[in-house]
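**Student:** My structure is below; once you've seen it, I'll send some questions.
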Amino acid sequence: MTPMMMSELTITSIMKHAERVNGATEIVSVTADNPRHRYTYKDAFKRVRQLANALQTLGAQPGDTLATLAWNDYRHLEIYYALSCSGMICHTINPRLFPEQIDYIVNHAKDKWVFVDATLVKVLEPLQDKLPAVKGYIVLSDEAHMPDTSLNNVHCYEQLIATEKDEFDWPELEETTPSALCYTSGTTGNPKGVMYTHRSTVLHSLASIAPDVFSLSVRDIVMPIVPMFHVNGWGLVYSCPMVGAKLVMPGPKMGDGETLCALINEEQVTCSAGVPTVWLALLDYLAKANKSVDSLNRVTVGGAACPEMIMEQFQNQYGVDVQQAWGMTEMNPLGTFNGGIPPLLDGISDEQRKKLRLKQGRPSFGVDIKVVDADNNELPWDGESSGAVKVRGPWIVNDYYGYDGKTLDEDGWFETGDVACFDEYGYMQITDRLKDVIKSGGEWISSIELENCAVNHPKVAEAAVVGIPHPKWTERPLLLVILKDGEQMEKAEMLAWFEDKVAKWWIPGDCVFVDSLPHTATGKLSKKDIREDYKDFRWQDES
Ligand code: AMP
């Protein structure tokens, strides 16, 4: 017998707590059928119970995996809770994946039913013949707004739950029960599934609400712009109900600066989270429309490095603090967060502070993290030693779902594929992605730094750097550049740009001007595709 109670850490406990303690808190959503849907946590969890009954009527069983193809809104939130708290698995699909990836993951996950937003039925229609295990589709709509669709066995969400009871006897789940599934859109091989559990979700939520992390409170009004199909909307779908924060969900309008600005001002949003691209859309709209976002006090930028320009504009023009976060699908996603600055650093100059804020932040409690050299020796946190980042902890993947290969290294650490250095205060700075690192003459070159340097050239719109095999140096960096509209430049001018900015041996071996660059479904440069496109590239000094 343990001296303290052993209660299972479950998502059901988050739901019950939110309903009982903060039932009056609002959830505001934009959907295809309603520009401003508004109700409370109490209303939401009543409908969650109706949906749990509807799932039983459909014949879904605990342990089944059901998929969602949906935006950030109240119905998606209801599905999250109804599935996980019934002992089923909520498999969120990124609608921006390529069709072959969608049918691969639906089949790999053995999804039994698919919940699909009315705006996304077109994505599934051409695929349904390739999805033999799917029993049917539930369209997230009321009857009046049901789209015409060729999907088989279609149900209307509102009709489905309307006749169900709003009482449900939630099962007593063990905390290790799988709750949600998300496939990584990694750049190599088939997408890999990460299966979260009730326990990993609750512990991740507890860590992420802390003051130096998302710092969430019952007084916050949170607008998760990061989609709920990206690592559970960075966990905000659970952490906001955990503290009772009001949720504002932009639905299909997450890339629309005007709607985001309107939602922030109408609902008095205090905190928001998303990838750099959405902030560019919002900042662009604010500048053009001469608007402000006075209620917003902080935004979290993650998923990719935060550009200096985003941080400066938010801070200097709109008084919004920008807090960078780093993590990944395999980490639920929280790894490091650039929140509160330790008092030891109070005396640093403005310039040092700027540099510090652009780092990926400090590890959250619960994330054990180290950087290692090529021989797996741990490197010191000295602000200089860069190495592969490895992590372990209660919300880090142990085994990719249904995967034959190895997920962890022989010591039980997960290798993130990122390269970083830590300073003595525990701040991590990502210097590259492992697969993008260019090893030239036995030394590493950062493709990210070269890309950042190239895009600082006033004529350059976008740049990519990949390592291309070289007979003498093993690999050399090749630079691909998209010029801004109307600009012209010679190769020599572009390469000369690097001369006083990077070490001589870092300067790209060649430069190609292109009209477009391939991106992954999540908007990152697809280095795998670029390397494939240029696999036959010959260096001039190659015989
Ligand atoms: P994903 O699993 O799609 O979320 O991708 C995770 C990867 O995105 C990480 O391994 C990093 O390579 C990258 N990433 C996430 N956050 C950041 C950040 N703040 N700065 C730089 N890279 C990031």
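Our numbering applies: residue 0 is where the sequence shown begins, and numbers increase by one.
Positions of the beta carbon are idealized from the N, C-alpha and C atoms, including for glycine.
Just so it is clear, the structure is predicted and the values come from calculations on it, not from any experiment.
1) Whose C-alpha, out of K483, K353 and T24, is nearest the C-alpha of Q314?
2) Answer yes or no: do E174 and R198 have a C-beta to C-beta separation smaller than 7 Å?
3) Keeping to the same chain, check which residues put their C-beta closer than 6 Å to that of M248; ignore five residues upstream and five downstream.
4) Alpha carbon to alpha carbon, what distance is there between Y136 and S149?
5) Excluding the 5 residues preceding and the 5 following G334 in the sequence, name in chain order all residues of the same chain whose CB lies nearer than 6 Å to its CB.
6) Taking the straight line between their C-alpha atoms, what separation do you get for E350 and S271?
7) Could you check if F213 is buried or exposed, using at least 16 other CB atoms within 10 Å of its CB as the buried criterion?
8) Which residue's Cα is closest to the Cα of I220: F228, S6 and L235?
9) DSSP beta-bridge partners for C270?
10) I believe H75 touches M241 by the beta-carbon criterion, under 8 Å. Please report the beta-carbon distance rounded to the nearest angstrom.
11) Please indicate yes or no: does the CB of A304 lie closer than 6 Å to some heavy atom of ligand 1?
12) Would you call the segment 264-282 and the segment 298-315 in contact, with 3 or more CB pairs under 8 Å?
13) Measuring only from the beta carbon, is I429 closer than 6 Å to any heavy atom that is part of ligand 1?
14) Hey, out of V122, G318, L279 and P341, whose CA is closest to P210's CA?
15) According to DSSP, is R530 helix, strand or coil?
16) Just to confirm, does G392 get its C-beta within under 6 Å of one of the non-hydrogen atoms of ligand 1?
17) For P34, which residues in the same chain have their Cβ closer than 8 Å to its Cβ, ignoring the five residues on either side in sequence?
18) Closer than 6 Å by C-beta to P251: which residues in its own chain qualify, once you throw out the five before and the five after it? Chain order, please.
19) What span of residues does the beta strand (DSSP E) with L516 cover, start to end?
20) May I ask you to report which of helix, strand or coil DSSP gives L202?
21) Based on the DSSP secondary-structure assignment, which residues constitute the bridge partners of P177?
22) Smallest Cα separation from L494: which of C452, I467, W169 and L524?
23) Using a Cβ-Cβ cutoff of less than 6 Å, which residues in the same chain neighbour W412 once the five nearest sequence positions on both sides are dropped?
24) Can you look up I506 in the DSSP assignment and give me helix, strand or coil?
25) Using the DSSP secondary-structure output, state which residues sit across from F336 in a beta bridge.
26) DSSP state of L96, grouped into three classes?
27) Nearest CA to the CA of W472: which residue from P125, W505, K500 and E414?
28) Could you name the residues of the same chain whose beta carbon sits closer than 7 Å to that of D372, not counting the 5 residues immediately before and after it, in chain order?
29) Quick one: Cα of P457 to Cα of R48, how far?
30) So, is R475 buried or exposed, given that buried needs 16 or more other C-beta atoms within 10 angstroms?
31) So for H469, helix, strand or coil by DSSP?
32) When you measure from the CB of T258 to every non-hydrogen atom of ligand 1, does any distance come out below 6 Å?
33) Have a look at I208, D63 and K287 and flag the residue whose alpha-carbon is nearest the alpha-carbon of M194.
34) Among the residues of its own chain, which have a CB less than 6 Å from the CB of A81, if the five just before and after it don't count?
35) Report the partner residues of Q428 according to the DSSP bridge assignment.
36) Among D403, L281 and P170, whose alpha-carbon lies nearest the alpha-carbon of E7?
**Tutor:** On the basis of the data shown:
1) Nearest C-alpha to Q314 among K483, K353 and T24: K353.
2) yes
3) S28, N71 and D72
4) Cα to Cα, S149 sits roughly 11 Å from Y136.
5) W325, G326 and V366
6) 26 Å
7) buried
8) L235
9) Answer is V221 and R297, bridged to C270.
10) Contact doesn't hold; Cβ gap of about 18 Å is too wide.
11) yes
12) Touching, yes.
13) yes
14) P341
15) helix
16) no
17) Once the five neighbours on either side are set aside, P34 has no close Cβ partner at all.
18) W70 and T118
19) No beta strand (DSSP E) contains L516, which DSSP labels as neither H nor E.
20) L202 falls in the helix class under three-state DSSP.
21) T196
22) Here the closest residue by C-alpha is C452.
23) K389 and R391
24) coil
25) F336 is bridged by DSSP to A324 and R361.
26) coil
27) W505
28) L378 and G386
29) The C-alpha of P457 lies about 56 Å from the C-alpha of R48.
30) buried
31) strand
32) no
33) In terms of CA proximity to M194, D63 leads the group I208, D63 and K287.
34) V47, L50 and A51
35) C420
36) For the residues D403, L281 and P170, the minimum Cα distance to E7 belongs to P170.
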